[in-house]
Amino acid sequence: MNPRFQGTLETVEEAYGINLFSMHVDSFSGILPERQRARAFAGKAILFAAQDIWIDEAKSDMLFECYKKGIVSDVSREGTLMAKNRPLTTLFSRGRTRKEVLDRLRTITEYMNNILNSCNSSSSTRVIRRFA
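For my numbering, count along the sequence shown from 1 and bump the result up by 360.
Okay, here's the thing in structure tokens:
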């Protein structure tokens with residue numbers, strides 16, 4: 361549960377297949393949505409640096425490929441130093457069940473850790489998860 365609702369808008373939109381901003385604008389014209397059930401579960405996880413991480417060309421390319429697939433957002437450019445305890449990127453997942461979303465987020469986190477920590481012996485990231 362995210363106490364900052366604006367931090368989970370994209371997961372609500374993904375789970376329900378709606379555009380909340382459009383619905384908000386429509387509400388001023390008296391157009392209100394029908395009540396509906398979620399068509400899926402959606403979640404996001406914020407990956408934080410547990411130590412300083414230099415975003416080199418390989419890491420930047422990998423992050424951009426994940427961005428193009430809709431797996432991450434907030435991609436840092438090559439040459440960026442991501443300081444310890446700062447957010448590295450946001451991970452996204454969608455699935456038929458909450459467990460499926462959690463499992464996918466864990467898999468994506470593991471993949472990101474393997475890439476981002478390829479030269480480090482200890483884990484360089486930690487995760488905070490949010491769900492809709």
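Note that the Cβ used here is the ideal one computed from N, Cα and C, for glycine as well.
For residue i, which of helix, strand or coil comes out of DSSP?
i, result
"residue 480", "Low confidence applies here, because residue 480 scores a pLDDT of 46, under 50, leaving its location unreliable and the question unanswered by this model."
"residue 443", "coil"
"residue 361", "Caution applies to residue 361, whose pLDDT of 49 falls short of 50 and renders its modelled position unreliable; the value that the coordinates give is listed next. Coil."
"residue 380", "helix"
"residue 409", "strand"
"residue 400", "coil"
"residue 432", "strand"
"residue 423", "helix"
"residue 455", "strand"
"residue 465", "helix"
"residue 448", "strand"
Please name the residue in the options whose C-alpha comes closest to that of residue i.
i, options, result
"residue 402", "376, 477 and 471", "376"
"residue 435", "444, 459, 454 and 407", "407"
Report, in whole angstroms, the separation of the C-beta atoms of residue i and residue j, which I expect to be a contact under 8 Å.
i, j, result
"residue 449", "residue 432", "5 Å"
"residue 468", "residue 451", "5 Å"
Verify whether the separation of the beta carbon atoms of residue i and residue j is less than 8 Å.
i, j, result
"residue 446", "residue 409", "yes"
"residue 442", "residue 412", "yes"
"residue 398", "residue 456", "no"
For this session: Check whether the stretch 413-429 touches the stretch 385-392, counting contact only when three or more Cβ pairs, one atom from each stretch, lie closer than 8 Å.
Result: No, because fewer than three Cβ pairs between the stretch 413-429 and the stretch 385-392 fall closer than 8 Å, the two stretches do not touch.
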